[in-house]
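Using the numbering used here, you'd call the opening residue of the sequence shown number 1158 and step up by one each time. Idealized CB from N, CA, C, for every residue including glycine. Structure first, commentary second.
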Amino acid sequence: MPTRLHRTIPARPARRRSRTLATLATAVVLALTTPAAAHADSAAPAAQRLTGTLADGGTWIADVPADWNGTLLLFSHGFGPTVAQNAPSAGARTALLAEGYALAGSSYDPNGSMWALNSAERDQFATLDAVTAKIGEPTRTLAVGQSMGGLVNAQLARDGAGRVDGALGLCGLVAGATDLDNYQLDAEYTLARLLLPGQDIGLVRFGSAADAATTAQRLTEAVTAAQATPAGRARVALAAAFLNLPAWAPGQDRPAPDDWQGQEEQQYAWFAQGILSFVEGGRYAIEQSAGGNTSWNRGVDYGALLTGSVHAPRVRALYRAAGLDLHAELRTLTAGATITADPAAVRAAARTSSAGQGLAVPLLDVHTVADNLVPVEQENRFADRVRASGDGPLLRQAYVERQGHCAFTTAETVAAVHAVEHRVATGHWDAAATPSALQKAALALGLDGSAYTPYRPAELTVGRGR
């Protein structure tokens, strides 16, 4: 393959290596079936597979088609086993290789936590260096990240001037680890305090993955029992509001705007599918990565927190129907909120597990409107930070009318890549990232459908400073 040499990129200084963390004894994984999963890797066009090992023991892979179009996509994978990946799905990999894109990605450091933010950005830049040393300098490099990798991707978009030209985030956890842990703590605390009063339920500072799994099991069993009564359902709805949990579950029709019972039932469906196992497993991994507890609720006014939630009308209606005193229970939550964070862990998470957020290159973020693991409201929080940094014109956000985490079709993903490439090539977004343009472009691919839609997320319910 001919070598492409278009510009010389100065070497980025190596970042201080984080201390090695014990490998998780138990991995909590939710199997999430997306429309793109129907395509098998074996169907991908012939491509040269390259592999390598990084300084921290991480591995990287790259696939380079024979008719490479000159664009390299650097993919950051989500939370889970630290195994090298270079595409968000098998279907996307097949389609992107067919269009001539080269794909690369790393595992991150395999010796640490699955919350691999201590190493991910460093390893992605190192992968870029290793791949370009073998195939030559790309015409352009686009960063792509999914879920936790969407946070890594936002960091690459912040720090990647001269290394990446544009970025695409898919279902990205762009609010960062501290916001994530805090709103999840509010929900866990509500369940423990109201459904298991007087019981000692460990919510933070897990000593092991088994401890986290025990908490998840106890809380899930409490939610299941509570769902049998009107009072229990009201309290489940309150916790779901603090969790920013969508009221639209997979395989179900979206409830009517005033169908409070139907909405709560669909929120309960997320709990029944095991979301708390993922939440607690993720908390353990973040604590291991940051070196302690990054969340707190001391000083949180739970009445004020609910007032700011888009889910508040449902909660109030269900409490009235159950004959419960919502204000009294909110006061109980506020009075009992005594959990404090470990300051060093909060500082560590701010360094490694937040996007900041300025932008050095254009970024398009795409999210489903009903994401159970990374609420779409994170996009609002993130956009506020980008605008505050003065980089708002570089950011575009688009939404897909579908339930589930990272539940994108291949067509939606490829159309989003094209939109970012348009911005890089022309220097202008024009209308490329609008819902109508993305929808038209995705359908024109003739792949597996699309559901881009105009949408504006609500504010993230978290009750801590921005």
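{"Asked": "Within the segment 1273–1326, note down every full alpha helix (DSSP H) run reaching 4 residues or more, in order along the chain.", "Found": "1277–1292 and 1305–1316"}
{"Asked": "In whole angstroms, what is the alpha-carbon distance linking residue 1280 and residue 1539?", "Found": "24 Å"}
{"Asked": "Per DSSP, what are the beta-bridge partners of residue 1524 in this structure?", "Found": "1556"}
{"Asked": "Just verifying my parser: in three-state terms, what is the DSSP assignment at residue 1577?", "Found": "helix"}
{"Asked": "Counting along the chain, where does the beta strand (DSSP E) carrying residue 1232 start and finish?", "Found": "1228–1233"}
{"Asked": "In whole angstroms, what is the alpha-carbon distance linking residue 1392 and residue 1342?", "Found": "15 Å"}
{"Asked": "Which whole-angstrom value describes the C-beta separation of residue 1557 and residue 1531, a residue pair presumed to lie in contact below a C-beta threshold of 8 Å?", "Found": "No, residue 1557 and residue 1531 are not in contact; Cβ-Cβ is about 13 Å, not under 8 Å."}
{"Asked": "Hey, how far is the Cα of residue 1364 from the Cα of residue 1354?", "Found": "23 Å"}
{"Asked": "Three-state secondary structure (DSSP) at residue 1417?", "Found": "helix"}
{"Asked": "Name the one or two DSSP bridge partners that residue 1216 has.", "Found": "1210"}
{"Asked": "Under DSSP, the alpha helix (DSSP H) around residue 1157 begins and ends at which residues?", "Found": "This structure cannot settle anything about residue 1157, because the visible part of the chain is limited to 1158 through 1623."}
{"Asked": "Could you tell me if residue 1238 is buried or exposed, where buried requires 16 or more neighbouring beta carbons within 10 angstroms of its beta carbon?", "Found": "exposed"}
{"Asked": "Could you give the distance in angstroms between the alpha-carbon of residue 1477 and the alpha-carbon of residue 1487?", "Found": "14 Å"}
{"Asked": "With DSSP run on the structure shown, which of helix, strand or coil describes residue 1457?", "Found": "coil"}
{"Asked": "How many Å lie between residue 1192 and residue 1485 at the Cα?", "Found": "In this prediction, residue 1192 scores a pLDDT of 35, lower than 50, which makes its location untrustworthy; the coordinate-derived value is nonetheless stated afterwards. Cα-Cα distance, rounded: 44 Å."}
{"Asked": "Here's the rule I'm using: 16 or more other beta-carbon atoms within 10 Å means buried, otherwise exposed. How should residue 1378 be labelled?", "Found": "exposed"}
{"Asked": "When the Cα atoms are used, what is the spatial distance from residue 1508 to residue 1498?", "Found": "16 Å"}
{"Asked": "Distance, Cα to Cα, residue 1263 vs residue 1242?", "Found": "6 Å"}
{"Asked": "Counting Cβ pairs, one atom from each stretch, are 3 or more of them under 8 Å apart for the segment 1216–1232 and the segment 1545–1553?", "Found": "no"}
{"Asked": "For residue 1244, which residues of its own chain have a beta-carbon under 7 Å away from its beta-carbon, when the five flanking residues on both sides are left out?", "Found": "1232, 1250, 1253 and 1260"}
{"Asked": "Among the candidates 1337, 1535 and 1526, whose CA atom is the shortest distance from the CA of residue 1610?", "Found": "1526"}
{"Asked": "Tell me which residue opens and which closes the beta strand (DSSP E) that residue 1260 is part of.", "Found": "1259–1263"}
{"Asked": "Counting pairs of beta carbons, one from the segment 1318–1331 and one from the segment 1296–1303, are three or more of them closer than 8 Å?", "Found": "yes"}
{"Asked": "Please report the distance separating the alpha-carbon of residue 1389 from that of residue 1605.", "Found": "41 Å"}
{"Asked": "Using CA coordinates, which residue listed in 1278, 1270 and 1458 is at the minimum distance from residue 1624?", "Found": "Here the chain covers residues 1158 to 1623 and nothing more, so residue 1624 does not appear."}
{"Asked": "Quick check: the Cα distance between residue 1187 and residue 1432, rounded to an integer number of angstroms?", "Found": "Low confidence applies to residue 1187: its pLDDT is 32, below 50, so where it sits in the model is not reliable, and the reading given next is rough at best. Near 8 Å, if we compare the C-alpha coordinates of residue 1432 and residue 1187."}
{"Asked": "Let's see if you can read the secondary structure: which residues bound the alpha helix (DSSP H) around residue 1534?", "Found": "Here residue 1534 belongs to no alpha helix (DSSP H), and DSSP marks it neither H nor E."}
{"Asked": "If you follow the alpha helix (DSSP H) that residue 1435 is part of, which residue opens it and which one closes it?", "Found": "1432–1447"}
{"Asked": "Going by DSSP in three states, residue 1167 sits in which element: helix, strand or coil?", "Found": "Model confidence at residue 1167 stands at a pLDDT of 31, short of 50, so the residue's coordinates are unreliable; what they give is reported in the following sentence. If DSSP states are grouped into helix, strand and coil, residue 1167 belongs with coil."}
{"Asked": "Is the separation between the beta-carbon of residue 1401 and that of residue 1617 shorter than 8 Å?", "Found": "yes"}
{"Asked": "Could you tell me whether the Cβ atoms of residue 1561 and residue 1529 are closer together than 8 Å?", "Found": "yes"}
{"Asked": "Note down, in chain order, each residue of its chain lying with its Cβ closer than 8 Å to the Cβ of residue 1515, except the 5 sequence neighbours on either side.", "Found": "1315, 1543, 1546, 1547 and 1548"}
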